Amino acid sequence: MENTVLHKAATRGDANHGWLHSRHTFSFANYYNPERMHFGVLRVLNDDVVAGGMGFGTHPHDNMEIISIPLEGDLEHKDSMGNTTVIKNGDIQVMSAGTGVRHSEYNKNKEVPVKFLQIWVFPNKRDVAPRYDQITLRKEDRKNKLQQILSPDKEDAGVWIHQDAWFHLADFDKGTVVDYTFKKAGNGLYVFVLKGDMKVNGEELNTRDGFGIWDVSEVKLEAATDSEFLLMEVPMAV
Numbered sequence: 309m310e311n312t313v314l315h316k317a318a319t320r321g322d323a324n325h326g327w328l329h330s331r332h333t334f335s336f337a338n339y340y341n342p343e344r345m346h347f348g349v350l351r352v353l354n355d356d357v358v359a360g361g362m363g364f365g366t367h368p369h370d371n372m373e374i375i376s377i378p379l380e381g382d383l384e385h386k387d388s389m390g391n392t393t394v395i396k397n398g399d400i401q402v403m404s405a406g407t408g409v410r411h412s413e414y415n416k417n418k419e420v421p422v423k424f425l426q427i428w429v430f431p432n433k434r435d436v437a438p439r440y441d442q443i444t445l446r447k448e449d450r451k452n453k454l455q456q457i458l459s460p461d462k463e464d465a466g467v468w469i470h471q472d473a474w475f476h477l478a479d480f481d482k483g484t485v486v487d488y489t490f491k492k493a494g495n496g497l498y499v500f501v502l503k504g505d506m507k508v509n510g511e512e513l514n515t516r517d518g519f520g521i522w523d524v525s526e527v528k529l530e531a532a533t534d535s536e537f538l539l540m541e542v543p544m545a546v
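Counting from 1 along the sequence shown, just add 308 to a position and that's the residue number in this note's numbering.
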């Protein structure tokens, strides 16, 4: 299809450090692919597994919107803004790095791994005051429908970021069909399949596949099996 990009799960960058196993949809750290630098303002999509008791030591960020979505286990976060929190499946964490922030992330449990998605989005405003937020979602609100988890509007559902982006989570039973309508003209949609098989405008996707589509008026989402997925609508111009 025109105006689409398909990233099969097995083609992602694969970094196994022992304590950390990370699959990179886009170029990151030692994984470099000039054809996979970003999708619009979506810069990083890392599928991370951190061993028990291990984690990322304190490190800096600036001028990036950073979203963490825990899938399994408990992830402990500490930052230079004074936040010490634990996030788990059902939570969404956001950090606007802005002028600069330092933070660490550790698996709070010694016995079981923690699994989470680490997502970076280029902001539409630079050098903002650093900011942290997290919320807990109602999982039943995504059953056979799209649950908004992020937007540009602090008064809207989910967390908010400095970008004209909208994220949704969905948990579809087999056969469920929903049409996605873009929130803003000129944006693209990146679909990441967490579990199961689905079709996006007829393109067949499987677990951990990613698919980007743009320059269309709406997108048809169809669950070929019971499926869970993340939708990321983002501006295409960086």
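We treat Cβ as the ideally placed atom computed from N, Cα and C, and that holds for glycine. Quantities reported herein were computed from a predicted structural model and do not represent experimental measurements.
Whose CA, out of the options, lies closest to the CA of residue i?
i	options	result
valine 357	Glu373, Met345, Tyr340 and Ile377	Ile377
phenylalanine 364	Leu353, Gly348 and Val422	Val422
isoleucine 521	Tyr498, Asp461, Asn417 and Gln455	Tyr498
leucine 477	His315, Leu539, Val420 and Arg331	Leu539
leucine 458	Ile469, His315 and Tyr488	Ile469
leucine 328	Asp355, Thr312, Lys433 and Met345	Asp355
glycine 483	Ala493, Asp534, Glu511 and Gln401	Asp534
histidine 346	Gly510, Gly496 and Arg446	Gly496
arginine 446	His369, Gln426, Val467 and Asp399	Asp399
asparagine 452	Gly408, Asp435 and Asp481	Asp481
valine 486	Arg450, Ala465, Gly406 and Ala473	Arg450
lysine 416	Glu384, Ile443 and Arg344	Glu384
valine 409	His367, Ile375 and Pro431	His367
For residue i, list the residues DSSP reports as bridge partners.
i	result
asparagine 417	Partner(s): none; asparagine 417 has no beta bridge.
proline 460	For proline 460, which the question treats as bridged, DSSP gives no partner whatsoever.
isoleucine 548	As displayed, the chain neither begins before 309 nor continues past 546, which places residue 548 out of reach and without an answer.
valine 542	Gly496
phenylalanine 490	According to DSSP, which records beta bridges pairwise, phenylalanine 490 is partnered with nothing at all.
aspartate 322	Arg331
histidine 476	Gln456 and Leu539
lysine 503	Glu536
Rounded to the nearest angstrom, how far is the Cβ of residue i from that of residue j, given a contact under 8 Å?
i	j	result
lysine 418	glycine 360	5 Å
serine 404	glutamate 373	6 Å
leucine 379	leucine 350	Rounded, the Cβ-Cβ distance is 18 Å, inconsistent with contact.
tyrosine 440	asparagine 391	5 Å
valine 429	glutamine 471	5 Å
asparagine 371	aspartate 435	7 Å
glutamate 511	leucine 314	7 Å
threonine 393	proline 438	About 15 Å; that fails the 8 Å criterion.
valine 501	arginine 516	6 Å
Since residue i is in the beta strand (DSSP E), which residue starts that stretch and which ends it?
i	result
alanine 531	526-531
lysine 507	506-508
For the ligand NAP, is there any heavy atom lying closer than 6 Å to the beta carbon of residue i?
i	result
leucine 458	Because no ligand of any kind appears in the structure shown, any question about the ligand NAP cannot be addressed here.
*Give, in chain order, every unbroken run of the beta strand (DSSP E) that is at least 3 residues long and sits entirely within the region 375-455.*
Entirely contained in the region 375-455, the beta strand (DSSP E) runs reaching 3 residues are, in chain order, 382-387, 392-396, 399-404, 409-415, 422-429 and 439-444.
*asked:* Runs of 4 residues minimum, wholly inside the region 324-379: which ones carry the alpha helix (DSSP H) assignment?
replied: As for any alpha helix (DSSP H) of minimum length 4 sitting wholly inside the region 324-379, there is none.
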